[in-house]
Amino acid sequence: MNEQQGSSGPAKHHVPDYRYHTLVVTVENKSGVLARLAALFSRRGFNIESLAVAPTDDERFSRVTVVVDLESAPLEQIIKQLDKLVNVVNIRELHPGHAVERELMIVTVAAGPDRRDELVEQLDRAGGKVLSVGADAMMLSLVGPPIRIDEFEELLGQYGIIELQRTGRVALANLDEND
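At position 125 of the sequence shown the residue is numbered 118 (the working numbering), and the sequence of numbers has no breaks.
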């Protein structure tokens, strides 16, 4: 999984869509299911770019949103292997460009009083929020499409990133006007 912690280097998350595909896997909400899913990816050498898991509105099921790296294996092979897992109920690919994806970033940035106004202005333009302010740092949050999160993370590098955490992507298929 590609996570950065405490890095002040450029963002590395966004890569062209053809390399990464988003799968939505509905699984039984039972103990050990996520461990079996992760073990499958590890055993087969499939790379996970992003992973988000949460119960659905039906407490019997959880929704796993996994972004897979197609350089590690063909999509068909990944789907075929996932389908073999006992607790997998459904697998659906969300095609690039036909889904709404969001990610959350919480980040602590070096920002003394002399740079705060400038930083808050950048944050406001991006649609983010100030969560906490310390003597020489600010904690910020931003929700948006992964590319916007990548761009803002890169911009924050000039201030000095102290600590950074990003969630995995969550995604839903676009609503088709013809439905």
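In this text, a Cβ means the ideal position worked out from N, Cα and C, and glycines have one as well.
- In this structure, the beta-carbon distance from T160 to E94 does not fall below 8 Å.
- Look at the stretch 107 to 169 and you find these whole runs of beta strand (DSSP E), each 3 residues long or longer: 122 to 126, 130 to 137, 154 to 159, 163 to 166.
- Contact annotation, A119 with R141: C-beta distance approximately 7 Å; criterion of less than 8 Å satisfied.
- By the beta-carbon neighbour count (other beta carbons within 10 angstroms, threshold 16), S24 is exposed.
- Per the Cβ contact rule, the stretch 142 to 153 is in contact with the stretch 112 to 128 (3 or more Cβ pairs under 8 Å).
- Looking only at M98, T49, R37, the smallest Cα-Cα distance to P138 is reached by M98.
- A direct Cα-to-Cα measurement between V57 and D107 gives close to 43 Å.
- According to DSSP, residue pairing for T15 in a beta bridge involves V60, L87.
- Taking C-beta atoms as the reference points, V18 and F54 fail to come closer than 8 Å.
- Under a 10 Å Cβ-count criterion, V82 is classified as exposed, with fewer than 16 other Cβ atoms of the shown protein chains found around its own Cβ.
- The three-state secondary structure of L44, taken from DSSP, is strand.
- In the structure shown, S24 falls within a coil segment according to DSSP collapsed to helix, strand and coil.
- A residue is called buried when at least 16 other Cβ atoms come within 10 angstroms of its Cβ; L124 does not meet this threshold and is exposed.
- Secondary structure at S55: strand, using DSSP grouped into helix, strand and coil.
- Taking C-beta atoms under 8 Å as the contact rule, L63 and R12 qualify, at a distance of about 6 Å.
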